[in-house]
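In this text, residue positions in the sequence shown follow the numbering used here: the first is 508, and each later residue adds one. Presented below is the structure to which this report refers.
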Amino acid sequence: MSTQQQKEEKKQTTEQESSLLDEIVQATKLKPEDEGYEVTKKGISAFLDELLTSQKEDLRISAPMIDEMIAQIDQKISKQMDAILHNKDFQKLESAWRSLKFLVDRIDFRENIKVEILNVTKEELLEDFEDSPEVVKSGLYQKVYTKEYGQFGGQPYGLLVGNFEFSHNPRDIKLLQNIASVATMSHAPFIAAASPEFFGIKSFAELPNLKDLKSIFEMPQYTKWNAFRESEDARNIGLTLPRFLLRPPYNPESNPTKNFNYHEDVSAGDSNFLWGNTAFAFASRVADSFAKYRWCANIIGPQGGGTVEDLPLYQYEAMGELQTKIPTEVLISERREFELAELGFIALTMRKGSDNAAFFSANSVQKPKKFANTTEGKQAELNYKLGTQLPLLSAGWPIISRLFKEKILAPGKIEVS
Numbered sequence: 508m509s510t511q512q513q514k515e516e517k518k519q520t521t522e523q524e525s526s527l528l529d530e531i532v533q534a535t536k537l538k539p540e541d542e543g544y545e546v547t548k549k550g551i552s553a554f555l556d557e558l559l560t561s562q563k564e565d566l567r568i569s570a571p572m573i574d575e576m577i578a579q580i581d582q583k584i585s586k587q588m589d590a591i592l593h594n595k596d597f598q599k600l601e602s603a604w605r606s607l608k609f610l611v612d613r614i615d616f617r618e619n620i621k622v623e624i625l626n627v628t629k630e631e632l633l634e635d636f637e638d639s640p641e642v643v644k645s646g647l648y649q650k651v652y653t654k655e656y657g658q659f660g661g662q663p664y665g666l667l668v669g670n671f672e673f674s675h676n677p678r679d680i681k682l683l684q685n686i687a688s689v690a691t692m693s694h695a696p697f698i699a700a701a702s703p704e705f706f707g708i709k710s711f712a713e714l715p716n717l718k719d720l721k722s723i724f725e726m727p728q729y730t731k732w733n734a735f736r737e738s739e740d741a742r743n744i745g746l747t748l749p750r751f752l753l754r755p756p757y758n759p760e761s762n763p764t765k766n767f768n769y770h771e772d773v774s775a776g777d778s779n780f781l782w783g784n785t786a787f788a789f790a791s792r793v794a795d796s797f798a799k800y801r802w803c804a805n806i807i808g809p810q811g812g813g814t815v816e817d818l819p820l821y822q823y824e825a826m827g828e829l830q831t832k833i834p835t836e837v838l839i840s841e842r843r844e845f846e847l848a849e850l851g852f853i854a855l856t857m858r859k860g861s862d863n864a865a866f867f868s869a870n871s872v873q874k875p876k877k878f879a880n881t882t883e884g885k886q887a888e889l890n891y892k893l894g895t896q897l898p899l900l901s902a903g904w905p906i907i908s909r910l911f912k913e914k915i916l917a918p919g920k921i922e923v924s
């Protein structure tokens, strides 16, 4: 046989194999012009090569063997998915969208409730205020006050929800002061989250280890924060904590994926779980109160509208027993919840042995003033303290809601009406 004939036969064989491979790929409903066609083709080719070039000569291709190979492929894909899902930037992206979905799913839009989204970061908000000679010249003021509250026929916003975490650093306090000014003028309280760094810890799991919270906030680094708490505008700011679980880890039994058997590895601890901003959970209580009672005061207490129900639970086996991970970062005791409330924070408290949690208080960050130790002074002190609580402020809220979210896509505003 001549060399030319050998080349032609080899070419013919290659074309036949290629044709057969194309038929297999097309059986997956992919077309040659589709983006993933070539990648799928290479993957199937590698899979077939592995089957046909086994090191064991007496090994016969069987269903169990193919299942084992598919399981190995699933394991490799699972590791790649773990790397993606546990990446901090991706977690931030997924958390933003799932937090929004959490809120939207719990709103009855038939009850004259509206949600709008403004796509802006903390840095952009800070720049907006820094570039403006005064608050009333800022873009946020123009958006929230001028175009709605200060416009004949406008629809004033009733609640501003920020997908942000704030600490006690000067930049964050400055931003809170400016947002508080806009919120006060627009009669629309702003709700966001407190970061663990606010308490000098790396995660809220360390919160129970802090002996005296009040003494922490008397330290020099909290001077700006304490000054802000004594301002009148501070009564329109609410900071929530801790974060709550948005979804349980993926696994074939309780939270399967559609395309392959994915068992998400969360052995590294809380950093592998997907947590959400508790401000969205608080906003869901505000919306629910309006839908039922046409005002927003019923937002605290297990029996008073403050319960966040049907939170995801993660069950796993440890020490030979089935364990359940609570859907909040930390279990907050009644005493610790009271301390946090006195310091101006809104804590989500988990009900032990259940899938729900509740807000027992909803204090703004404003610090109640002390008056003279007289009957009139005590009455004035009580009245002032009541005025710092969001449920009482909310009696006059319109319920048009606006959310300020971290930038999650391309620059620009996303509006949902």
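All residues carry an ideal CB built from backbone N, CA and C; glycine is no exception.
For threonine 547, the three-state secondary structure derived from DSSP is helix. Around the Cβ of alanine 699, a 10 Å sphere holds 16 or more other Cβ atoms; the residue is buried. Contact annotation: leucine 717 and proline 696 have beta-carbon atoms that are not nearer than 8 Å. Under the 8 Å Cβ criterion, the region 643-651 does not count as touching the region 826-835, having fewer than three qualifying pairs.
Taking 8 Å as the upper bound for CB-CB distance, alanine 864 and valine 815 are in contact here, some 5 Å apart. Between serine 602 and glycine 783, the CB-CB gap stays under 8 Å.
Residue ranges of uninterrupted beta strand (DSSP E) with 3 or more members, entirely inside the region 739-775 and ordered along the chain, are 744-748 and 751-754. Collapsing the DSSP output to three states places leucine 818 in coil.
In the structure shown, the three-state DSSP call for threonine 730 is helix. With distances taken between CA atoms, proline 898 lies nearest to Asn805 out of Ala848, Tyr823, Asn805 and Phe852. Distance check between serine 778 and each of Asp596, Ala570, Ser552 and Glu545 places Asp596 closest, using alpha-carbon atoms only. Taking C-beta atoms as the reference points, leucine 818 and phenylalanine 866 fail to come closer than 8 Å.
In the pairwise beta carbon analysis, the region 735-751 is classified as not touching the region 798-813: fewer than three pairs are separated by under 8 Å. Here the C-alpha atom of glutamine 684 lies approximately 12 Å from the C-alpha atom of glutamate 637. With a threshold of 16 other beta carbon atoms within 10 Å, glutamate 630 falls short and is exposed. Look at tryptophan 604 here: in three-state DSSP terms it is helix.
Residue state for glutamate 641 is assigned as coil, using DSSP reduced to three classes. Remark: C-beta atoms of glutamine 896 and asparagine 870 approach each other more closely than 8 Å. The DSSP-derived three-state label of alanine 788 is helix. In this structure, histidine 675 lies near phenylalanine 705, with their beta-carbon atoms less than 8 Å apart.
Pairing alanine 788 with leucine 855 gives a Cβ-Cβ distance under 8 Å. Rounded to whole angstroms, aspartate 635 and tyrosine 656 show a C-alpha spacing of 20 Å.
Taking 8 Å as the cut-off, the beta carbon of proline 756 is found closer than this to the beta carbon of valine 773.
Around the beta carbon of isoleucine 853, 16 or more other beta carbons sit within 10 angstroms, so the residue counts as buried.
Phenylalanine 636 sits in a helix when the DSSP states are folded into three classes. Listed as beta-bridge partners of leucine 889 by DSSP are no residues whatsoever. Contact between threonine 747 and alanine 701 holds, since their C-beta atoms are separated by about 7 Å, short of 8 Å.
Taking the Cα of glutamine 582 as reference, the smallest distance to any Cα among Ser552, Glu771 and Glu844 is reached at Glu771.
Following the DSSP letters along the chain, one finds threonine 691 in no beta strand (DSSP E) but inside the alpha helix (DSSP H) bounded by residues 677-693. Proximity to valine 668 across Ala887, Ile680, Leu607 and Asp556 peaks at Leu607, based on C-alpha coordinates. In the DSSP assignment, alanine 864 is bridged to Val815 and Met857. As the crow flies, the alpha-carbon of valine 643 is around 40 Å from that of methionine 857.
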